[in-house]
(Lines of atoms letter the chains of each structure in order from A and count residues from 1; the text may use other names and numbers.)
(Lines give C-alpha, C1' and ligand atoms only; values in the text may rest on other atoms or scores of the structure.)
Protein backbone atom coordinates (compact mmCIF):
# COMPACT_ATOMS: atom_id res chain seq x y z
CA UNK A 1 0.00 0.00 0.00
CA UNK A 2 2.87 2.34 0.75
CA UNK A 3 4.31 1.82 -2.75
CA UNK A 4 0.90 2.35 -4.30
CA UNK A 5 0.41 5.58 -2.33
CA UNK A 6 3.80 6.82 -3.45
CA UNK A 7 2.99 6.11 -7.10
CA UNK A 8 -0.30 7.95 -6.78
CA UNK A 9 1.47 10.94 -5.31
CA UNK A 10 3.95 10.99 -8.16
CA UNK A 11 1.00 11.40 -10.51
CA UNK A 12 -0.31 14.44 -8.66
CA UNK A 13 0.07 17.86 -10.21
CA UNK A 14 -0.08 21.22 -8.51
CA UNK A 15 0.58 24.86 -9.12
CA UNK A 16 0.69 26.78 -5.89
CA UNK A 17 1.95 30.08 -7.22
CA UNK A 18 1.58 33.70 -6.27
CA UNK A 19 0.58 32.97 -2.69
CA UNK A 20 1.77 35.94 -0.70
CA UNK A 21 -0.28 35.14 2.39
CA UNK A 22 -0.62 38.22 4.54
CA UNK A 23 1.38 40.55 2.31
CA UNK A 24 -0.98 43.15 0.86
CA UNK A 25 0.96 43.36 -2.40
CA UNK A 26 3.24 40.88 -4.19
CA UNK A 27 6.38 42.95 -3.65
CA UNK A 28 9.68 41.75 -2.22
CA UNK A 29 11.17 43.71 0.68
CA UNK A 30 13.93 46.00 -0.59
CA UNK A 31 17.44 44.61 -0.24
CA UNK A 32 18.31 47.57 1.96
CA UNK A 33 14.93 48.88 3.11
CA UNK A 34 14.33 51.58 5.71
CA UNK A 35 16.91 51.86 8.48
CA UNK A 36 16.48 53.00 12.04
CA UNK A 37 18.72 55.99 12.78
CA UNK A 38 18.30 55.86 16.54
CA UNK A 39 15.93 58.84 16.75
CA UNK A 40 12.22 59.27 17.51
CA UNK A 41 9.79 57.04 15.63
CA UNK A 42 6.13 57.83 14.89
CA UNK A 43 3.14 55.88 13.62
CA UNK A 44 2.25 58.01 10.62
CA UNK A 45 5.75 58.65 9.29
CA UNK A 46 7.66 55.47 10.10
CA UNK A 47 5.40 52.60 11.16
CA UNK A 48 2.30 52.90 8.98
CA UNK A 49 4.22 52.42 5.67
CA UNK A 50 5.61 49.12 6.99
CA UNK A 51 2.25 47.97 8.36
CA UNK A 52 0.51 48.79 5.07
CA UNK A 53 3.03 46.77 3.11
CA UNK A 54 3.54 43.81 5.41
CA UNK A 55 0.54 43.43 7.75
CA UNK A 56 -2.73 44.76 6.39
CA UNK A 57 -3.35 41.84 4.07
CA UNK A 58 -4.59 39.98 7.16
CA UNK A 59 -4.86 42.61 9.91
CA UNK A 60 -8.00 44.41 8.75
CA UNK A 61 -11.55 44.65 10.03
CA UNK A 62 -13.22 41.28 9.34
CA UNK A 63 -9.87 39.90 8.21
CA UNK A 64 -8.50 36.49 9.18
CA UNK A 65 -6.10 37.98 11.76
CA UNK A 66 -7.36 38.32 15.36
CA UNK A 67 -7.07 42.12 15.37
CA UNK A 68 -6.87 45.00 12.89
CA UNK A 69 -3.87 47.29 12.33
CA UNK A 70 -5.53 49.89 10.13
CA UNK A 71 -5.62 52.85 12.50
CA UNK A 72 -3.29 54.37 15.06
CA UNK A 73 -5.65 53.43 17.88
CA UNK A 74 -5.75 49.78 16.82
CA UNK A 75 -1.99 49.50 16.38
CA UNK A 76 -0.97 51.43 19.50
CA UNK A 77 -3.16 49.17 21.65
CA UNK A 78 -1.19 46.16 20.34
CA UNK A 79 2.29 47.70 20.09
CA UNK A 80 3.91 45.33 22.58
CA UNK A 81 2.55 42.20 20.89
CA UNK A 82 3.50 43.66 17.51
CA UNK A 83 7.10 44.28 18.58
CA UNK A 84 7.46 40.89 20.22
CA UNK A 85 6.13 39.00 17.20
CA UNK A 86 8.38 40.73 14.65
CA UNK A 87 11.46 40.44 16.88
CA UNK A 88 10.84 36.68 17.17
CA UNK A 89 10.17 36.52 13.40
CA UNK A 90 6.77 34.91 14.07
CA UNK A 91 5.13 37.61 11.99
CA UNK A 92 4.68 38.21 9.16
CA UNK A 93 4.41 34.46 8.47
CA UNK A 94 7.27 33.46 6.15
CA UNK A 95 8.81 30.07 6.77
CA UNK A 96 11.83 29.59 4.45
CA UNK A 97 15.31 30.22 5.75
CA UNK A 98 17.36 32.71 3.79
CA UNK A 99 19.55 31.05 1.20
CA UNK A 100 21.33 31.50 -2.08
CA UNK A 101 18.15 31.25 -4.15
CA UNK A 102 15.72 34.03 -3.26
CA UNK A 103 11.96 33.64 -3.41
CA UNK A 104 9.41 35.93 -5.00
CA UNK A 105 6.84 37.78 -2.87
CA UNK A 106 8.82 37.43 0.36
CA UNK A 107 7.11 38.63 3.52
CA UNK A 108 10.31 38.61 5.55
CA UNK A 109 10.89 41.95 7.26
CA UNK A 110 14.27 43.58 6.79
CA UNK A 111 16.29 44.19 9.93
CA UNK A 112 15.64 47.92 9.54
CA UNK A 113 11.88 47.34 9.54
CA UNK A 114 12.15 45.20 12.68
CA UNK A 115 14.26 47.88 14.36
CA UNK A 116 11.74 50.63 13.54
CA UNK A 117 8.76 48.65 14.86
CA UNK A 118 10.70 47.73 18.00
CA UNK A 119 11.80 51.32 18.63
CA UNK A 120 8.25 52.59 18.17
CA UNK A 121 7.03 50.21 20.88
CA UNK A 122 9.92 51.05 23.20
CA UNK A 123 9.15 54.77 22.81
CA UNK A 124 5.55 54.25 23.88
CA UNK A 125 3.99 54.06 20.39
CA UNK A 126 3.82 57.81 19.58
CA UNK A 127 1.35 58.88 16.90
CA UNK A 128 3.22 61.75 15.26
CA UNK A 129 1.83 64.10 12.60
CA UNK A 130 -1.05 62.73 10.47
CA UNK A 131 0.29 64.85 7.59
CA UNK A 132 3.26 62.45 7.42
CA UNK A 133 1.03 59.45 6.65
CA UNK A 134 1.41 57.70 3.28
CA UNK A 135 -1.51 57.49 0.87
CA UNK A 136 -3.93 54.61 1.41
CA UNK A 137 -3.03 51.40 -0.40
CA UNK A 138 -4.79 50.93 -3.71
CA UNK A 139 -6.54 47.56 -4.11
CA UNK A 140 -4.80 45.04 -6.32
CA UNK A 141 -6.29 45.11 -9.83
CA UNK A 142 -8.24 42.01 -10.84
CA UNK A 143 -7.35 39.65 -13.66
CA UNK A 144 -7.74 41.05 -17.17
CA UNK A 145 -10.56 38.58 -17.73
CA UNK A 146 -12.10 35.46 -16.21
CA UNK A 147 -13.90 32.63 -17.97
CA UNK A 148 -15.68 30.84 -15.14
CA UNK A 149 -16.86 31.67 -11.64
CA UNK A 150 -17.60 28.60 -9.58
CA UNK A 151 -18.51 27.69 -6.01
CA UNK A 152 -20.87 25.57 -3.89
CA UNK A 153 -24.58 25.83 -4.57
CA UNK A 154 -25.39 26.38 -0.91
CA UNK A 155 -23.71 28.08 2.03
CA UNK A 156 -21.79 25.86 4.43
CA UNK A 157 -21.78 26.24 8.22
CA UNK A 158 -18.29 25.31 9.48
CA UNK A 159 -18.00 22.83 12.31
CA UNK A 160 -16.78 24.53 15.47
CA UNK A 161 -15.96 21.53 17.67
CA UNK A 162 -12.26 22.21 17.00
CA UNK A 163 -10.25 25.24 15.96
CA UNK A 164 -10.01 24.10 12.33
CA UNK A 165 -12.47 22.64 9.83
CA UNK A 166 -11.17 21.43 6.45
CA UNK A 167 -14.08 20.92 4.07
CA UNK A 168 -14.07 19.85 0.42
CA UNK A 169 -16.79 20.88 -2.05
CA UNK A 170 -17.45 19.12 -5.36
CA UNK A 171 -17.78 21.63 -8.24
CA UNK A 172 -18.59 20.71 -11.84
CA UNK A 173 -17.14 23.14 -14.42
CA UNK A 174 -18.90 21.37 -17.33
CA UNK A 175 -15.87 21.80 -19.60
CA UNK A 176 -16.52 20.93 -23.23
CA UNK A 177 -12.80 20.49 -23.93
CA UNK A 178 -9.53 20.50 -22.05
CA UNK A 179 -8.31 23.87 -20.77
CA UNK A 180 -5.05 25.41 -19.59
CA UNK A 181 -5.53 27.28 -16.32
CA UNK A 182 -3.34 30.41 -16.21
CA UNK A 183 -4.91 32.49 -13.43
CA UNK A 184 -7.55 32.64 -10.74
CA UNK A 185 -9.08 34.83 -8.06
CA UNK A 186 -10.65 33.64 -4.80
CA UNK A 187 -13.60 35.47 -3.28
CA UNK A 188 -13.87 34.30 0.35
CA UNK A 189 -17.34 34.43 1.86
CA UNK A 190 -16.91 35.14 5.57
CA UNK A 191 -13.37 36.52 5.42
CA UNK A 192 -12.56 36.18 9.10
CA UNK A 193 -13.24 32.42 8.93
CA UNK A 194 -11.50 31.46 5.68
CA UNK A 195 -7.84 30.65 6.35
CA UNK A 196 -6.93 29.23 2.94
CA UNK A 197 -8.48 27.71 -0.19
CA UNK A 198 -7.17 24.95 -2.47
CA UNK A 199 -8.54 23.99 -5.88
CA UNK A 200 -8.07 20.46 -7.24
CA UNK A 201 -8.94 18.78 -10.53
CA UNK A 202 -10.20 15.25 -9.84
CA UNK A 203 -11.45 12.24 -11.79
CA UNK A 204 -15.21 12.63 -12.05
CA UNK A 205 -16.34 9.20 -10.85
CA UNK A 206 -13.94 9.06 -7.91
CA UNK A 207 -15.06 12.52 -6.75
CA UNK A 208 -18.75 11.63 -7.06
CA UNK A 209 -18.23 8.49 -5.02
CA UNK A 210 -16.35 10.38 -2.31
CA UNK A 211 -19.06 13.04 -2.14
CA UNK A 212 -21.77 10.41 -1.72
CA UNK A 213 -20.14 8.96 1.39
CA UNK A 214 -21.29 11.91 3.57
CA UNK A 215 -24.84 13.16 3.88
CA UNK A 216 -24.07 16.88 3.71
CA UNK A 217 -22.72 18.52 0.55
CA UNK A 218 -18.99 17.88 0.29
CA UNK A 219 -16.85 16.06 2.83
CA UNK A 220 -14.35 16.59 5.60
CA UNK A 221 -10.79 16.54 4.27
CA UNK A 222 -7.32 17.23 5.62
CA UNK A 223 -4.09 18.08 3.81
CA UNK A 224 -5.51 17.44 0.36
CA UNK A 225 -8.71 16.33 -1.38
CA UNK A 226 -8.50 12.72 -0.28
CA UNK A 227 -9.12 11.56 -3.86
CA UNK A 228 -6.56 9.40 -5.66
CA UNK A 229 -5.34 10.93 -8.92
CA UNK A 230 -6.45 14.47 -7.99
CA UNK A 231 -4.15 17.35 -8.95
CA UNK A 232 -3.86 20.63 -7.08
CA UNK A 233 -4.42 23.55 -9.46
CA UNK A 234 -4.14 26.61 -7.25
CA UNK A 235 -4.17 28.00 -3.74
CA UNK A 236 -5.17 31.17 -1.91
CA UNK A 237 -4.47 32.68 1.51
CA UNK A 238 -5.61 35.98 3.09
CA UNK A 239 -3.94 38.97 1.47
CA UNK A 240 -3.28 37.12 -1.78
CA UNK A 241 -4.01 39.14 -4.92
CA UNK A 242 -5.44 37.46 -8.02
CA UNK A 243 -2.90 34.87 -9.17
CA UNK A 244 -1.44 34.93 -12.68
CA UNK A 245 0.93 32.07 -13.49
CA UNK A 246 4.29 32.89 -15.12
CA UNK A 247 3.92 34.02 -18.71
CA UNK A 248 3.61 31.13 -21.12
CA UNK A 249 2.97 28.52 -18.42
CA UNK A 250 -0.22 26.94 -17.20
CA UNK A 251 -1.83 23.81 -15.81
CA UNK A 252 -3.87 21.53 -18.05
CA UNK A 253 -7.35 20.47 -16.94
CA UNK A 254 -8.98 17.48 -18.64
CA UNK A 255 -12.38 17.94 -20.27
CA UNK A 256 -14.09 15.34 -18.06
CA UNK A 257 -12.54 16.52 -14.79
CA UNK A 258 -14.48 18.01 -11.90
CA UNK A 259 -13.13 20.53 -9.41
CA UNK A 260 -12.77 19.99 -5.69
CA UNK A 261 -12.43 23.14 -3.59
CA UNK A 262 -10.99 22.66 -0.12
CA UNK A 263 -11.69 25.50 2.31
CA UNK A 264 -9.82 25.67 5.60
CA UNK A 265 -12.06 27.35 8.18
CA UNK A 266 -10.54 28.67 11.40
CA UNK A 267 -13.20 30.01 13.73
CA UNK A 268 -12.61 28.97 17.35
CA UNK A 269 -10.80 30.70 20.17
CA UNK A 270 -7.06 30.08 20.37
CA UNK A 271 -4.16 31.54 22.31
CA UNK A 272 -1.10 32.83 20.42
CA UNK A 273 1.47 34.38 22.72
CA UNK A 274 -0.28 37.33 24.34
CA UNK A 275 -3.09 37.48 21.79
CA UNK A 276 -6.37 35.63 22.01
CA UNK A 277 -8.05 35.15 18.64
CA UNK A 278 -11.83 34.94 18.80
CA UNK A 279 -13.92 35.33 15.69
CA UNK A 280 -17.18 34.42 17.38
CA UNK A 281 -19.60 31.70 16.38
CA UNK A 282 -19.31 30.00 13.01
CA UNK A 283 -21.23 31.73 10.24
CA UNK A 284 -22.58 30.25 6.98
CA UNK A 285 -19.96 30.72 4.26
CA UNK A 286 -20.14 30.77 0.48
CA UNK A 287 -16.62 31.02 -0.97
CA UNK A 288 -16.21 31.18 -4.75
CA UNK A 289 -13.43 31.27 -7.35
CA UNK A 290 -13.06 32.95 -10.75
CA UNK A 291 -10.82 31.11 -13.22
CA UNK A 292 -8.84 32.35 -16.21
CA UNK A 293 -8.05 29.95 -19.06
CA UNK A 294 -5.53 30.45 -21.86
CA UNK A 295 -7.00 31.55 -25.21
CA UNK A 296 -4.49 29.24 -26.91
CA UNK A 297 -2.61 26.25 -25.46
CA UNK A 298 0.32 27.46 -23.34
CA UNK A 299 3.83 27.10 -24.74
CA UNK A 300 5.21 25.72 -21.46
CA UNK A 301 2.92 23.17 -19.92
CA UNK A 302 3.59 22.94 -16.18
CA UNK A 303 4.13 19.59 -14.55
CA UNK A 304 4.61 18.78 -10.92
CA UNK A 305 7.02 16.13 -9.73
CA UNK A 306 6.83 14.84 -6.19
CA UNK A 307 9.80 14.04 -4.01
CA UNK A 308 8.25 11.46 -1.69
CA UNK A 309 9.57 9.73 1.38
CA UNK A 310 6.94 7.34 2.66
CA UNK A 311 9.30 4.94 4.41
CA UNK A 312 9.53 6.65 7.78
CA UNK A 313 8.22 5.32 11.10
CA UNK A 314 8.22 7.92 13.90
CA UNK A 315 8.56 6.29 17.35
CA UNK A 316 6.21 7.22 20.20
CA UNK A 317 7.38 10.24 22.16
CA UNK A 318 10.17 11.01 19.68
CA UNK A 319 11.64 14.52 19.55
CA UNK A 320 13.56 15.70 16.51
CA UNK A 321 13.17 12.39 14.66
CA UNK A 322 14.77 12.81 11.21
CA UNK A 323 14.44 10.84 7.98
CA UNK A 324 15.73 11.49 4.49
CA UNK A 325 15.60 10.00 1.01
CA UNK A 326 17.17 10.71 -2.36
CA UNK A 327 15.63 10.30 -5.79
CA UNK A 328 16.31 11.22 -9.40
CA UNK A 329 14.16 13.97 -10.91
CA UNK A 330 13.55 14.98 -14.54
CA UNK A 331 15.69 17.67 -16.10
CA UNK A 332 14.04 21.00 -16.87
CA UNK A 333 13.28 24.40 -15.37
CA UNK A 334 12.33 24.56 -11.70
CA UNK A 335 10.00 27.50 -10.92
CA UNK A 336 8.97 26.73 -7.37
CA UNK A 337 8.87 24.25 -4.49
CA UNK A 338 5.97 23.22 -2.26
CA UNK A 339 7.09 21.33 0.87
CA UNK A 340 4.42 19.36 2.71
CA UNK A 341 4.12 17.68 6.10
CA UNK A 342 1.33 17.48 8.66
CA UNK A 343 1.06 18.93 12.16
CA UNK A 344 3.89 16.94 13.76
CA UNK A 345 6.37 18.35 11.26
CA UNK A 346 9.29 20.33 12.67
CA UNK A 347 11.70 20.90 9.77
CA UNK A 348 11.91 20.11 6.05
CA UNK A 349 14.65 20.66 3.46
CA UNK A 350 15.27 19.95 -0.22
CA UNK A 351 18.84 19.79 -1.55
CA UNK A 352 20.47 19.33 -4.95
CA UNK A 353 24.14 18.43 -5.14
CA UNK A 354 24.64 19.43 -1.51
CA UNK A 355 23.08 22.87 -2.08
CA UNK A 356 19.86 23.81 -0.31
CA UNK A 357 16.95 24.60 -2.65
CA UNK A 358 14.68 25.35 0.29
CA UNK A 359 14.77 24.86 4.05
CA UNK A 360 11.93 25.48 6.46
CA UNK A 361 13.54 25.31 9.91
CA UNK A 362 10.30 25.81 11.89
CA UNK A 363 7.47 24.08 10.05
CA UNK A 364 3.90 25.36 10.51
CA UNK A 365 1.15 23.35 8.82
CA UNK A 366 -1.18 26.34 8.71
CA UNK A 367 1.14 28.53 6.63
CA UNK A 368 2.35 26.12 3.96
CA UNK A 369 2.53 27.32 0.36
CA UNK A 370 4.43 27.12 -2.90
CA UNK A 371 7.59 29.21 -2.85
CA UNK A 372 8.49 30.61 -6.27
CA UNK A 373 12.07 31.56 -7.10
CA UNK A 374 12.91 35.06 -8.24
CA UNK A 375 14.81 33.39 -11.06
CA UNK A 376 13.86 29.86 -12.17
CA UNK A 377 16.58 27.22 -11.80
CA UNK A 378 17.86 24.75 -14.38
CA UNK A 379 17.86 21.13 -13.23
CA UNK A 380 20.47 19.11 -15.17
CA UNK A 381 19.91 15.64 -16.58
CA UNK A 382 20.29 12.79 -14.07
CA UNK A 383 19.93 15.12 -11.09
CA UNK A 384 19.28 13.58 -7.69
CA UNK A 385 17.54 15.54 -4.95
CA UNK A 386 17.63 14.90 -1.23
CA UNK A 387 14.53 15.35 0.91
CA UNK A 388 14.89 15.58 4.70
CA UNK A 389 12.02 15.72 7.19
CA UNK A 390 12.11 16.11 10.97
CA UNK A 391 9.18 15.52 13.33
CA UNK A 392 8.18 15.59 16.98
CA UNK A 393 5.77 12.83 18.01
CA UNK A 394 4.17 13.56 21.40
CA UNK A 395 1.70 10.69 20.99
CA UNK A 396 1.99 7.18 22.52
CA UNK A 397 1.78 5.52 19.10
CA UNK A 398 4.10 5.04 16.13
CA UNK A 399 3.25 7.50 13.36
CA UNK A 400 3.63 6.54 9.70
CA UNK A 401 2.60 7.86 6.29
CA UNK A 402 -1.12 8.57 5.91
CA UNK A 403 -3.84 11.00 4.85
CA UNK A 404 -5.37 11.50 8.29
CA UNK A 405 -4.94 14.29 10.80
CA UNK A 406 -2.92 12.05 13.11
CA UNK A 407 -0.79 10.62 10.30
CA UNK A 408 2.24 12.26 8.69
CA UNK A 409 3.78 12.96 5.31
CA UNK A 410 7.19 13.90 3.94
CA UNK A 411 7.13 15.28 0.41
CA UNK A 412 7.93 18.28 -1.72
CA UNK A 413 6.33 19.17 -5.03
CA UNK A 414 8.53 20.64 -7.76
CA UNK A 415 6.71 22.92 -10.20
CA UNK A 416 8.63 22.47 -13.46
CA UNK A 417 8.54 23.01 -17.19
CA UNK A 418 10.79 21.37 -19.77
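Numbering (mature numbering (1 follows the signal peptide of the UniProt record, and there is no 0)), first residue to last: -17 to -1, 1 to 401. Virtual Cβ for every residue (Gly too), placed ideally from N, Cα, C.
> Assuming residue 157 and residue 104 make a contact with CB atoms under 8 Å, what is their CB distance in whole Å?
Replying inline: Their Cβ separation, rounded to whole angstroms, is 54 Å, which puts residue 157 and residue 104 out of contact at 8 Å.
>> Please state the DSSP three-state secondary structure of residue 50.
In response: coil
>> Closer than 8 Å is the cut-off here; do at least three beta carbon pairs connect the segment 128 to 145 with the segment 88 to 102?
In response: no
> Using the rule of at least 16 other Cβ atoms within 10 Å of the residue's Cβ for burial, across every protein chain shown, is residue 352 buried or exposed?
Replying inline: buried
> For residue 30, does the three-state DSSP call read helix, strand or coil?
Replying inline: helix
>> Can you confirm whether the segment 363 to 374 touches the segment 302 to 316 when touching is taken to mean that 3 or more C-beta pairs between the two stretches lie within less than 8 Å?
In response: yes
>> Please state the DSSP three-state secondary structure of residue 376.
In response: coil
>> Does residue 463 pass the burial test, meaning 16 or more other C-beta atoms within 10 Å, or should it be called exposed?
In response: Residue 463 falls outside the range modelled here, since the chain spans only -17 to 401, and no answer is possible.
> Leaving out five residues before and five after residue 296 in sequence, what residues of the same chain have Cβ atoms less than 7 Å from its Cβ?
Replying inline: 381, 383
> Do you know offhand how far residue 22's Cα is from residue 64's?
Replying inline: 22 Å
>> Mapping the DSSP letters down to three states, classify residue 202 as helix, strand or coil.
In response: strand
>> Just verifying my parser: in three-state terms, what is the DSSP assignment at residue 36?
In response: helix
> Which whole-angstrom value describes the C-beta separation of residue 171 and residue 177, a residue pair presumed to lie in contact below a C-beta threshold of 8 Å?
Replying inline: 4 Å
> So who's on the other strand from residue 162, going by DSSP bridges?
Replying inline: 236
> So residue 366 and residue 311 are in contact, right, with Cβ under 8 Å, and what is the actual spacing, rounded?
Replying inline: 7 Å
> Taking the alpha helix (DSSP H) that residue 138 falls in, what are its first and last residues?
Replying inline: No alpha helix (DSSP H) holds residue 138; DSSP gives it neither H nor E.
> What does DSSP give as the partner residues of residue 327 in its beta bridges?
Replying inline: In DSSP, residue 327 forms no bridge with anything.
> Beta carbon of residue 374: closer than 7 Å to some heavy atom of the ligand MG?
Replying inline: Of ligands this structure carries none, so the ligand MG is not represented either.
> Quick one, which of 359, 271, 298 has its alpha-carbon nearest residue 86's?
Replying inline: 359
>> I'd like the list of long-range same chain contacts for residue 42, defined as Cβ closer than 6 Å, with 5 residues on each side in sequence excluded.
In response: 48, 51, 52
>> Out of 280, 357, 249, which one is the CA nearest neighbour of residue 234?
In response: 280
> If you draw a straight line from the C-alpha of residue 174 to the C-alpha of residue 45, how long is it?
Replying inline: 6 Å
> Considering only C-alpha positions, which residue in the set 93, 153, 203 is nearest to residue 36?
Replying inline: 93
> Which one of 179, 20, 31, 153 has the shortest CA to CA distance from residue 189?
Replying inline: 153
> So the beta strand (DSSP E) residue 342 belongs to, where does it begin and stop?
Replying inline: 338 to 343
> For residue 329, which residues of its own chain have a beta-carbon under 8 Å away from its beta-carbon, when the five flanking residues on both sides are left out?
Replying inline: 303, 345, 346, 373, 374, 375
> What's the gap between the Cα of residue 202 and the Cα of residue 143?
Replying inline: 15 Å
> Are residue 226 and residue 319 touching if we call contact CB-CB under 8 Å?
Replying inline: no
> Going straight from the alpha carbon of residue 390 to that of residue 79, what length do you get?
Replying inline: 24 Å
> Does DSSP put residue 413 in a helix, in a strand, or in coil?
Replying inline: Any property of residue 413 remains undetermined from this structure, which presents the chain solely from -17 to 401.
>> Within a Cβ cutoff of 6 Å, which residues of the same chain sit near residue 38, ignoring the five residues on either side of it in sequence?
In response: 52
> What residues match up with residue 318 in a beta bridge as DSSP calls it?
Replying inline: According to DSSP, which records beta bridges pairwise, residue 318 is partnered with nothing at all.
> Can you give the Cα-Cα distance for residue 246 and residue 106, rounded to whole angstroms?
Replying inline: 41 Å
>> Distance check for residue 348 and residue 356, CA to CA, integer angstroms please.
In response: 21 Å
> If you check the beta carbons only, do residue 110 and residue 214 fall under 8 Å apart?
Replying inline: no
>> Out of 210, 181, 205, which one is the CA nearest neighbour of residue 195?
In response: 210
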